[in-house]
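**Q** Handing you a structure now.
Residue numbers (our numbering): 12 to 105.
Structure representation (structure tokens):
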């Protein structure tokens with residue numbers, strides 16, 4: 012993880028996941044609390060609730076022939092993925 016390319020890869024994956032439409036209310040809320048938006052975007056689900064639900068800890072990865080434990084849920088395709096399939100295989104959406 013300490014190599015430069017891995018840090019760039021991690022930042023890229025985080026940006027890609029946080030760009031999903033499911034996070035728009037959360038991002039709008041940050042604008043609202045900074046007084047840059049007048050309308051309260053109301054309730055939203057945060058990163059922990061969307062990407063790391065407690066139920067995923069005992070589940071297996073959704074990738075075919077992968078039996079690893081789930082690390083996170085993709086915010087775009089909603090697949091439950093292990094570390095290898097998220098980071099090593101670079102689960103990125105265009």
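In this text, a Cβ means the ideal position worked out from N, Cα and C, and glycines have one as well.
The structure presented is a predicted model; accordingly, all values stated were derived computationally and were not measured.
Residue ranges of each alpha helix (DSSP H) run of no fewer than 4 residues wholly in the stretch 17 to 85, ordered along the chain?
**A** Entirely contained in the stretch 17 to 85, the alpha helix (DSSP H) runs reaching 4 residues are, in chain order, 35 to 44, 58 to 62.
**Q** For residue 36, I'd like the list of residues in its chain whose CB is within less than 6 angstroms of its CB, leaving aside the five on either flank, ordered along the chain.
**A** The residues are 52, 55.
**Q** Within 10 angstroms of the Cβ of residue 25, are there 16 or more other Cβ atoms? Answer buried if so, exposed if not.
**A** Result: exposed.
**Q** Under the DSSP definition of a beta bridge, which residues are partnered with residue 89?
**A** In DSSP, residue 89 forms no bridge with anything.
**Q** Any contact of the stretch 58 to 72 with the stretch 91 to 100, i.e. 3+ C-beta pairs under 8 angstroms?
**A** The stretch 58 to 72 vs the stretch 91 to 100: in contact.
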